[in-house]
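Just so you know, we're using the working numbering here: the sequence shown kicks off at 830 and counts up by one.
Down below is the structure, laid out as structure tokens.
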Amino acid sequence: MSGNDPKQKQINIELDEKTAEGIYSNLAIINHSVSEFVVDFISLMPGAPKAKVKSRIVLTPQHAKKFLKALSENVNRFEKAHGTIKDYEQPPIPINFGPSGEA
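Rendered as structure tokens:
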């Protein structure tokens with residue numbers, strides 16, 4: 830088999846009904862270390878004093894960069910089809926993320 834054969838490898842991806850429903854998020858908090866990026870997706874309701882992390886995704890730095898590129902390309906295609914996405918200025922959200930550590 831040559832390296833250019835598109836039939837060489839194929840991955841079948843399954844999507845169960847619960848996962849297919851998706852999870853709504855209007856806030857993402859991103860942290861990183863030398864070896865990984867951690868993206869926490871949060872649903873923050875206006876006026877609510879508390880919010881919960883709905884999903885956490887952990888990526889290698891290489892996959893984080895690939896994800897950034899893919900997301901950027903998709904946003905560009907969306908804007909070409911539907912117009913510029915407006916970015917509304919909002920005041921910073923004071924966030925207390927988890928318990929504070931003590932030595």
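Here a beta-carbon is modelled for each residue, glycine too, at the ideal position from N, C-alpha and C.
In the same chain as I858, and ignoring 5 residues on each side of it, the C-beta atoms closer than 6 angstroms to its own belong to D869, in chain order.
Between the beta-carbon of I871 and that of K879 there is about 11 angstroms, and that puts the pair past the 8 angstroms contact cut. DSSP, reduced to helix, strand and coil, places V882 within a strand of the structure shown. DSSP places N925 in no beta strand (DSSP E); its state is neither H nor E.
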